[in-house]
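S.K.: I have a structure here, written as structure tokens, and I will follow up with some questions on it.
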Amino acid sequence: MQLVLGMSSTTLLLLCSLGVVIPSLVCGEMFTALVHMEGLVELEEQLVQHLKSYIRKEEERLGELKKFLASAEHAQSLPRNEPREHLYHPTNALAVIMRYHSGWDQKLSEYVYQDNSHDLMSAVALEKYRFPSKEDYSGAVTAIIRLQDAYKISPRNLTQSILGERQAIKVTTRICFEIGREAYYLENYWHTKEWMLECLRKMDEENDYEDVSLPEIYDFLAFSEYKVGNLRKAMQYTKDILQSDPTHERALSNFNFFSKQMKEDPEAFNRVVTEQTRNVYPETLGYEELCREAKPIPKENHHKMVCFYFTHKNNPRLILRPIKVEVAHLKPRIWIFKKFLSETEMARLRELAVPKLKRATARNWKTGEFEPADYRISKSGWLSEDDDESTDIVHRINNRIDDSTGLSMATAEDLQVVNYGIGGHYEPHYDFARKNEDAFSRLGWGNRISTLLIY
Numbered sequence: 000m001q002l003v004l005g006m007s008s009t010t011l012l013l014l015c016s017l018g019v020v021i022p023s024l025v026c027g028e029m030f031t032a033l034v035h036m037e038g039l040v041e042l043e044e045q046l047v048q049h050l051k052s053y054i055r056k057e058e059e060r061l062g063e064l065k066k067f068l069a070s071a072e073h074a075q076s077l078p079r080n081e082p083r084e085h086l087y088h089p090t091n092a093l094a095v096i097m098r099y100h101s102g103w104d105q106k107l108s109e110y111v112y113q114d115n116s117h118d119l120m121s122a123v124a125l126e127k128y129r130f131p132s133k134e135d136y137s138g139a140v141t142a143i144i145r146l147q148d149a150y151k152i153s154p155r156n157l158t159q160s161i162l163g164e165r166q167a168i169k170v171t172t173r174i175c176f177e178i179g180r181e182a183y184y185l186e187n188y189w190h191t192k193e194w195m196l197e198c199l200r201k202m203d204e205e206n207d208y209e210d211v212s213l214p215e216i217y218d219f220l221a222f223s224e225y226k227v228g229n230l231r232k233a234m235q236y237t238k239d240i241l242q243s244d245p246t247h248e249r250a251l252s253n254f255n256f257f258s259k260q261m262k263e264d265p266e267a268f269n270r271v272v273t274e275q276t277r278n279v280y281p282e283t284l285g286y287e288e289l290c291r292e293a294k295p296i297p298k299e300n301h302h303k304m305v306c307f308y309f310t311h312k313n314n315p316r317l318i319l320r321p322i323k324v325e326v327a328h329l330k331p332r333i334w335i336f337k338k339f340l341s342e343t344e345m346a347r348l349r350e351l352a353v354p355k356l357k358r359a360t361a362r363n364w365k366t367g368e369f370e371p372a373d374y375r376i377s378k379s380g381w382l383s384e385d386d387d388e389s390t391d392i393v394h395r396i397n398n399r400i401d402d403s404t405g406l407s408m409a410t411a412e413d414l415q416v417v418n419y420g421i422g423g424h425y426e427p428h429y430d431f432a433r434k435n436e437d438a439f440s441r442l443g444w445g446n447r448i449s450t451l452l453i454y
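If you read the sequence shown in numbering that gives the first Met the number 0, its first letter stands for residue 0, the second for the next number, and so on.
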């Protein structure tokens with residue numbers, strides 16, 4: 000969990016890996032905070048039990064029908080040659096009447112029209128407000144693509160779980176297809192191409208044809224290759240579709256369109272694009288590079304990268320409990336305060352903050368209004384000392400910040416608590432108000448001058 004403490008003179012950001020189950024959510028914002036997704040795991044466990052119960056009742060219902068079928072087939076086998084002789088026996092005649100009366104009429108109606116779905120569908124309807132929305136679905140796919148771009152991860156790395164020691168579910172061809180299709184709808188054609196090619200690889204190497212056809216994949220590949228600039232490949236995939244289905248309407252339309260493009264620009268047919276073109280700021284590329292791997296410290300500066308105890312001019316509270324400091328970088332100067340918060344403090348902050356989490360917003364530079372933005376994917380809430388009168392932890396943390404930074408907390412914003420979602424991030428930005436921007440006038444304390452991050 001990320002916790003952000005904001006101040007007008009100092010802004011504190013706390014980031015801790017914590018979790019909690021949330022009983023209710025704002026629809027369409029689940030993907031923006033992992034802490035709010037944890038409830039989905041518990042919810043699915045409950046739905047699985049309802050589904051098991053439904054299947055058990057259905058199996059019992061079908062079992063009764065099979066019993067009746069077996070008895071009817073057995074009875075039919077007796078009089079098959081001489082039905083008249085069979086019916087001369089009064090109990091045989093009675094059995095036929097009884098099967099029609101209590102079997103084909105009553106029992107058949109009872110089990111055929113028996114509806115065991117009520118409990119299951121009632122449970123689904125009751126909890127449906129907690130289900131991820133279409134926005135969550137698109138947001139989750141966008142997050143996967145963002146992680147791919149930032150860390151240069153191929154679909155194969157993701158599908159084969161080559162991402163560390165965390166256990167992952169098997170990523171099927173169908174899942175790859177769904178990611179690629181959603182990327183297509185988001186007009187991200189490069190990643191559409193990558194994920195559809197992963198579908199083909201899984202079909203070829205893993206024999207995984209789960210509910211996906213080759214023409215479907217070729218259809219998305221054709222137009223995606225065209226959009227990224229590979230007209231030759233686009234035409235080849237289109238021909239592959241028409242070879243298996245000469246009446247495929249979209250492929251026929253694309254074939255005519257691509258043929259026209261080739262006539263208008265013959266050189267385009269031989270053009271090959273092998274690298275993704277991204278329309279992003281240079282700062283974003285630098286930020287992603289740092290996410291992948293920090294730049295090495297020059298060897299001549301290794302002796303300056305030290306750890307020490309910090310008392311900030313012999314502050315009385317820090318003499319009793321000094322700050323453990325690691326010098327992480329020289330220019331700009333970056334210090335890491337080790338174990339700044341205890342496990343107990345982090346747990347209490349989580350307990351206080353989770354009910355307050357809401358979709359994080361950013362100021363629209365045109366309107367001045369705060370609104371959700373793709374470049375900030377998280378949820379945040381604010382904590383003041385008044386929110387924690389029983390344990391006084393927020394007050395103690397504020398004192399510790401004051402002691403360690405020398406900045407007065409009297410002009411600080413409240414503690415801001417943030418939890419990032421799937422691929423959650425906040426793109427490079429200024430953490431203070433720039434020229435012609437409102438410098439936090441609502442607080443009456445002036446602009447921000449410092450930021451303290453606690454992870």
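Cβ coordinates follow ideal geometry from the N, Cα and C atoms, glycine included.
Is DSSP giving Val324 helix, strand or coil here?
M.R.: In the sequence shown, counting from the first residue as 1, residue 324 sits at position 325. Of the three classes helix, strand and coil, the one that applies to Val324 here is strand, per DSSP.
S.K.: Take Arg358 and list the residues in its own chain whose beta-carbon comes closer than 6 Å to its own, dropping the five residues that flank it on each side.
M.R.: Numbered from its first residue, the sequence shown carries residue 358 at position 359. Taken in chain order, the residues that qualify are Glu28, Thr31, Pro371 and Lys378.
S.K.: Measure how close the beta-carbons of Gln113 and Arg55 come, nearest whole angstrom, since I'm counting them as under 8 Å.
M.R.: Locating residue 113 in the sequence shown gives position 114, where the first residue counts as 1. Locating residue 55 in the sequence shown gives position 56, where the first residue counts as 1. Incorrect: roughly 13 Å between the Cβ atoms, too far for contact.
S.K.: What beta strand (DSSP E) runs, 3 residues minimum, are completely inside the region 277-323?
M.R.: Runs of the beta strand (DSSP E) inside the region 277-323: 306-309.
S.K.: Hey, would you say Phe257 sits closer than 8 Å to Val211, going by beta carbons?
M.R.: One-based indexing of the sequence shown puts residue 257 at position 258. One-based indexing of the sequence shown puts residue 211 at position 212. Result no, Cβ atoms of Phe257 and Val211 do not sit closer than 8 Å.
S.K.: Report the three-state DSSP secondary structure of Ser223 (helix, strand or coil).
M.R.: If you number the sequence shown from 1, residue 223 lands on position 224. Three-state DSSP puts Ser223 in a helix.
S.K.: What are the residues that DSSP puts in a beta bridge with Arg455?
M.R.: The displayed coordinates of the chain run from 0 to 454. Any statement about residue 455 would go beyond what the structure contains.
S.K.: If you reduce the DSSP assignment to three classes, tell me which class Phe439 lands in.
M.R.: In the sequence shown, the residue the question calls residue 439 occupies position 440. DSSP places Phe439 in coil when its eight states are reduced to three.
S.K.: Per DSSP, which residues does Leu213 bridge with? Please list them.
M.R.: For this step, residue 213 is matched to residue 214 along the sequence shown. Per the DSSP secondary-structure output, Leu213 pairs with nothing in a beta bridge.
S.K.: Determine the contact status of Cys290 and Tyr150, defining contact as a CB-CB distance below 8 Å.
M.R.: As a first step, residue 290 must be located in the sequence shown, where it is residue number 291. As a first step, residue 150 must be located in the sequence shown, where it is residue number 151. Yes, the pair counts as a contact, with Cβ atoms nearer than the cut-off.
S.K.: Does DSSP classify Ile96 as helix, strand or coil?
M.R.: As a first step, residue 96 is located in the sequence shown; it is residue number 97 there, counting from the start. It is helical.
S.K.: Ordered along the chain, which non-local residues of its own chain (more than five positions away) have a Cβ less than 6 Å from that of Gly423?
M.R.: Counted from its first residue, the sequence shown places residue 423 at position 424. Cβ within range, chain order: Ile376 and Ser377.
S.K.: Measure the C-alpha to C-alpha separation of Asn314 and Arg320 and round it to an integer number of angstroms.
M.R.: Start at 1 with the first residue of the sequence shown, and residue 314 comes out as number 315. Start at 1 with the first residue of the sequence shown, and residue 320 comes out as number 321. Per the coordinates, the alpha-carbon of Asn314 lies some 10 Å from the alpha-carbon of Arg320.
S.K.: Any beta carbon from chain D within less than 8 Å of Pro281's own beta carbon?
M.R.: Protein chain content of the structure displayed is limited to a single chain, and chain D is not contained in it.
S.K.: Which residue's Cα is closest to the Cα of Ala458: Asp386, Ser70 and Arg332?
M.R.: Shown here, the chain extends from 0 to 454; a query on residue 458 therefore has no answer.
S.K.: Should Leu93 be labelled buried (16 or more other beta-carbon atoms within 10 Å of its own) or exposed?
M.R.: Translated into the one-based positions of the sequence shown, residue 93 becomes position 94. Exposed.
S.K.: Beta-carbon within less than 7 Å of His311's beta-carbon, same chain only, minus the 5 sequence neighbours each way: which residues are those?
M.R.: Start at 1 with the first residue of the sequence shown, and residue 311 comes out as number 312. If we look at His311 and ignore the five residues flanking it on each side, its Cβ neighbours are Leu317, Asp402, Ser403 and Gly405.
S.K.: Ile333 lies in the beta strand (DSSP E); which residues open and close that run?
M.R.: As a first step, residue 333 must be located in the sequence shown, where it is residue number 334. Note, Ile333: beta strand (DSSP E), Ile333 to Lys337.
S.K.: In the DSSP assignment, find the beta strand (DSSP E) that holds Leu199 and state where it starts and stops.
M.R.: Residue 199 sits at position 200 when you count from the first residue of the sequence shown. Where Leu199 is concerned, there is no enclosing beta strand (DSSP E), although the alpha helix (DSSP H) it sits in stretches over Tyr188 to Glu205.
S.K.: Leaving out five residues on either side along the sequence, give the residues of the same chain with a beta carbon under 8 Å from the beta carbon of Ala122.
M.R.: On the sequence shown, residue 122 is found 123 positions in, with the first residue counted as 1. Excluding positions up to five away in sequence, the list reads Gln45, Leu46 and His49.
S.K.: Can you tell me which residues form a DSSP beta bridge with Phe369?
M.R.: Position 370 of the sequence shown holds residue 369. Paired residues: Arg362.
S.K.: Taking its Cβ as the centre, do 16 or more other Cβ atoms sit within 10 Å of Glu416, making it buried, or is it exposed?
M.R.: On the sequence shown, residue 416 is found 417 positions in, with the first residue counted as 1. The amino acid at residue 416 is misidentified as Glu; the sequence shows Val. That one is buried.
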